[in-house]
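Enquirer: Quick one: this structure, given as structure tokens, is what I'll be asking you about.
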Amino acid sequence: MTDRSAPPPYDPGCPLPVSGGAGRVPCMPVADADGAARANAPGRGVAAWVSRRRLFHNRPRRIVLVGDMEMVTRLVARLRARADRYRVVGQFSCQQGAGEWRCDGDVSDLLAFCHASLPDMIVLALEDMERQRMRDLLARLIILPTELRLAMDILPPGFIGDDFNADFGMCLLPVCQRPLDGWRDIVKLAEDKIISLLALVMLAPLFLVIALLIRIDSHGPVFFRQKRYGFNNEIINVLKFRTMYTDQEDLSGRQMTVRGDQRVTRVGRYLRNLSLDELPQLVNVLMGQMSIVGPRAHAVAMEVCGRPYEHVVEGYSARHRVRPGITGLAQVNGSRGPLTTVEAARRRVEYDLTYVAHWSLWLDIRIIIKSVWIVFFRRENAF
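With the working numbering as the guide, the letters of the sequence shown map in order to residues 41 to 423.
And the structure:
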């Protein structure tokens, strides 16, 4: 989780020590190559969305290089000759004490950099690394919602293979792609905007009735706001209809709701049973913070068996490579309600990662239809 305070402007040439240390502040970007600022406000707005998804194909791809001094320096020289196609926005070391070469920090700084301003591609440029160290490095990087490639100088002179990239002068082996890019992201955004807008208009009378019932039933506000993880580990405020007494609410989300929970109001029990308390999240969808379908937005303090969720399941943050959803693949496959075992927590994340890897418009439609069916006919875990 990164600091959401406004970062200083990013200077690609700013020197930082390579070795880690407490209190270090990495250089952070505030603008893209095309000059579009990346605001930290929730949703980031249409302009930030356009810049992040490279709808303007004529702008250079923003590249981050991670690796050893020799290979990184060689790649920087080659990419400078193709400034019309590439812009190196960061050089990071994957080793401690890598020397005094111009470096923007180590892998921890890279993660902070990418959470603040996503590059188009991360390239690992490594001369030699043992298998376990490579596995550990990839485990830290594959959670990022950006393209990740491994640069390998392994081909003999004169040979060009399928993965050979003439601009880089090396093989660029794909490790993982950005989950939703190009037209796929456009389709997903259009789906979210159209459905959320139509639903909010049609359900406006129901919103008014629910709001009136909540105010009559108990003292306090109509809506409940909770900090949860959004896209790229960004913290967002998720809206719900209030279903608990105000003096017993858990804003952190550490304490899960259980069947017969005494904190839930009379009206709240009906709202939760029919999942009507989730309807205000349509506003989050319209703002661009959430999707109709996606991995469920988890509270930042959510725990499994007394431990933070992200410490229980390896690769947990990879579910944040897409926007969270009101409903998701895990929920329609019975993985909903309180988590009482580590295995159940892992299974839920596996469903989320399967959705991220295999998204399609048809899959979203199937999940939406099945979610509606579950609300009306199979509500055993809704309380």
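Idealized CB from N, CA, C, for every residue including glycine.
Tell me, to the nearest whole angstrom, how far the beta carbon of Arg268 is from that of Val262; I am working on the premise that it is less than 8 Å.
Expert: Incorrect: roughly 19 Å between the Cβ atoms, too far for contact.
Enquirer: Can you give the Cα-Cα distance for Met192 and Ala206, rounded to whole angstroms?
Expert: Taking the straight line joining both Cα atoms gives about 13 Å.
Enquirer: Pick helix, strand or coil for Ala121, following the three-state DSSP scheme.
Expert: It is coil, neither helix nor strand.
Enquirer: What runs of the alpha helix (DSSP H), each 4 residues or longer, lie entirely inside the region 226-282?
Expert: Runs found: 244-257.
Enquirer: With a CB to CB cut of under 7 Å and the five nearest residues on each side skipped, what residues in its chain are close to Cys154?
Expert: Leu184 and Thr186, listed in sequence order.
Enquirer: Rank Ile226, Asn324 and Lys228 by C-alpha distance to the C-alpha of Arg265 and give the top, closest one.
Expert: When only C-alpha atoms are compared, the closest one is Asn324.
Enquirer: For Tyr126, report the span of its beta strand (DSSP E) as first-last.
Expert: Here the beta strand (DSSP E) through Tyr126 covers Tyr126 to Ser133.
Enquirer: Going by DSSP in three states, Gly222 sits in which element: helix, strand or coil?
Expert: Of the three classes helix, strand and coil, the one that applies to Gly222 here is coil, per DSSP.
Enquirer: Taking Ser375 as the reference, which of Gly346, Arg387 and Thr381 has the closest Cα?
Expert: Of Gly346, Arg387 and Thr381, the residue nearest in Cα terms is Arg387.
Enquirer: Using only CA atoms, which one of Leu119, Leu220, Gln131 and Ile276 lies nearest to Phe208?
Expert: Measuring from the Cα of Phe208, the nearest candidate turns out to be Leu119.
Enquirer: Less than 9 Å between the C-beta atoms of Ile366 and Leu322, yes or no?
Expert: Their beta carbons are under 9 Å apart, which means Ile366 touches Leu322 by this criterion.
Enquirer: Can Tyr395 and Leu401 be called in contact, C-beta distance under 9 Å?
Expert: No, these two residues do not count as a Cβ contact at 9 Å.
Enquirer: Roughly how many whole angstroms lie between the Cα atoms of Thr283 and Val372?
Expert: Spanning the two alpha carbons is a distance of roughly 23 Å.
Enquirer: Excluding five sequence neighbours on each side, which residues of the same chain lie with their C-beta closer than 7 Å to the C-beta of Val112?
Expert: Same-chain partners within the cutoff: Leu105, Gln131 and Ala165.
Enquirer: May I have a chain-ordered list of the alpha helix (DSSP H) segments no shorter than 4 residues that lie completely inside the region 373-401?
Expert: For the region 373-401, whole alpha helix (DSSP H) runs of length 4 or above, ordered along the chain, are 382-397.
Enquirer: With H, G and I counted as helix, E and B as strand and the rest as coil, what does DSSP make of Gly334?
Expert: Three-state result, Gly334: coil.
Enquirer: Going by DSSP in three states, Cys345 sits in which element: helix, strand or coil?
Expert: Three-state result, Cys345: coil.
Enquirer: Would you kindly report the start and end of the unbroken beta strand (DSSP E) that includes Val163?
Expert: Its beta strand (DSSP E) spans residues Met161 to Ala165.
Enquirer: What first and last residue would you give for the beta strand (DSSP E) that runs through Leu213?
Expert: Taken as a continuous stretch (DSSP letters only), the beta strand (DSSP E) holding Leu213 covers Met210 to Cys216.
Enquirer: Thinking Ala370 and Tyr391 are a contact (beta carbons under 8 Å), I'd like their distance in whole angstroms, please.
Expert: Yes, Ala370 and Tyr391 are in contact; Cβ-Cβ is about 4 Å, under 8 Å.
Enquirer: Of the choices Gln217, Glu289, Met296 and Arg336, whose alpha-carbon is the least far from that of Gly346?
Expert: Ranking the options by Cα distance to Gly346, first place goes to Met296.
Enquirer: Are Leu220 and Val389 close, meaning C-beta to C-beta below 9 Å?
Expert: Not closer than 9 Å, so no.
Enquirer: Might you give, ordered along the chain, the residues of its own chain that have their beta carbon closer than 6 Å to the beta carbon of Leu240, omitting 5 neighbours on each side?
Expert: Leu322, listed in sequence order.
Enquirer: Shortest alpha-carbon distance to Glu167 belongs to which of Ser357, Gly107 and Met327?
Expert: Cα-wise, what sits closest to Glu167 is Gly107.
Enquirer: Is the Cβ-Cβ distance between Gly355 and Ala179 less than 9 Å?
Expert: A contact, by the Cβ cut-off of 9 Å.
Enquirer: State the Cα-Cα distance for the pair Met174 and Pro214, rounded to the nearest angstrom.
Expert: Cα to Cα, Met174 sits roughly 15 Å from Pro214.
Enquirer: Cβ of Val163 within 9 Å of Cβ of Leu229?
Expert: The answer is no: Cβ separation not under 9 Å.
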